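Peer 1: Counting with my numbering, you get residues 16 to 159 for the letters of the sequence shown.
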Amino acid sequence: MYPEAVEKIKVWWTGINTSESTATKLDASRRSEENAEPSWKQTFDFIELWLSFDVDGDGVDEEIVVDFHMLSGTLLSARYNWYADVHRPYRIGVYIPVEGRWMGIGVGKQNEQFQALITTIHRQRLDAGTLANMGQLALKKTSG
Numbered sequence: 016m017y018p019e020a021v022e023k024i025k026v027w028w029t030g031i032n033t034s035e036s037t038a039t040k041l042d043a044s045r046r047s048e049e050n051a052e053p054s055w056k057q058t059f060d061f062i063e064l065w066l067s068f069d070v071d072g073d074g075v076d077e078e079i080v081v082d083f084h085m086l087s088g089t090l091l092s093a094r095y096n097w098y099a100d101v102h103r104p105y106r107i108g109v110y111i112p113v114e115g116r117w118m119g120i121g122v123g124k125q126n127e128q129f130q131a132l133i134t135t136i137h138r139q140r141l142d143a144g145t146l147a148n149m150g151q152l153a154l155k156k157t158s159g
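1. Are the CB atoms of E63 and V70 within a distance shorter than 8 Å?
2. Would L91 be called buried (16 or more neighbouring beta carbons within 10 Å of its own) or exposed?
3. Just to confirm, is the Cβ distance from T105 to G119 under 8 Å?
4. Tell me whether V101 sits in a helix, a strand or coil according to DSSP, three-state version.
5. Assuming I24 and H84 make a contact with CB atoms under 8 Å, what is their CB distance in whole Å?
6. Could you check what DSSP says for G119 in three-state terms: helix, strand or coil?
7. For H137 and L66, I'd like the C-alpha separation in whole angstroms.
8. Do you know offhand how far Q125's Cα is from A99's?
9. Provide the residue(s) that pair with V113 in DSSP beta bridges, ordered along the chain.
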């Protein structure tokens with residue numbers, strides 16, 4: 016990781032703890048009286064992204080790994096994929112394999128028919144409610 020990126024996160028961390036609200040001022044005075052000043056957390060969460068990106072602008076995407084701290088918006092590191100075969104360290108699990116479809120059929124695709132059925136029933140109920148609330152007029156056949 017880039018050392019300056021970690022320093023940027025430290026600055027961000029102290030910045031969110033030093034806003035100027037009344038509650039923050041009260042908490043700061045309490046901490047100073049109790050000698051309990053907050054310290055920099057030694058661990059923090061970050062996101063590791065494995066992606067294809069055109070790094071050098073030649074029109075060909077290279078496989079890279081990016082470490083990113085979401086809360087502060089800090090890029091911690093960007094490296095080329097270090098595996099010899101440039102694979103990503105996760106695999107796709109195919110639920111039901113189908114020839115000609117690399118992802119197969121998943122649960123969502125299998126449940127499309129139920130969604131269509133629920134939509135139809137919902138629309139029928141809406142139509143029934145609309146008809147029930149409509150005013151009706153009774154006429155005789157010979158009223159002209």
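Every residue, glycine too, gets a C-beta built ideally from N, C-alpha and C. Since we're looking at a predicted model, the values are computed, not measured.
Peer 2: According to the structure data:
1. Not a contact, by the Cβ cut-off of 8 Å.
2. The residue is buried, with at least 16 neighbouring Cβ atoms inside 10 Å.
3. Note on residue identity: the sequence assigns Tyr, not Thr, to residue 105. Cβ distance not < 8 Å, so Y105 and G119 don't count as in contact.
4. coil
5. 6 Å
6. strand
7. 41 Å
8. 37 Å
9. R116
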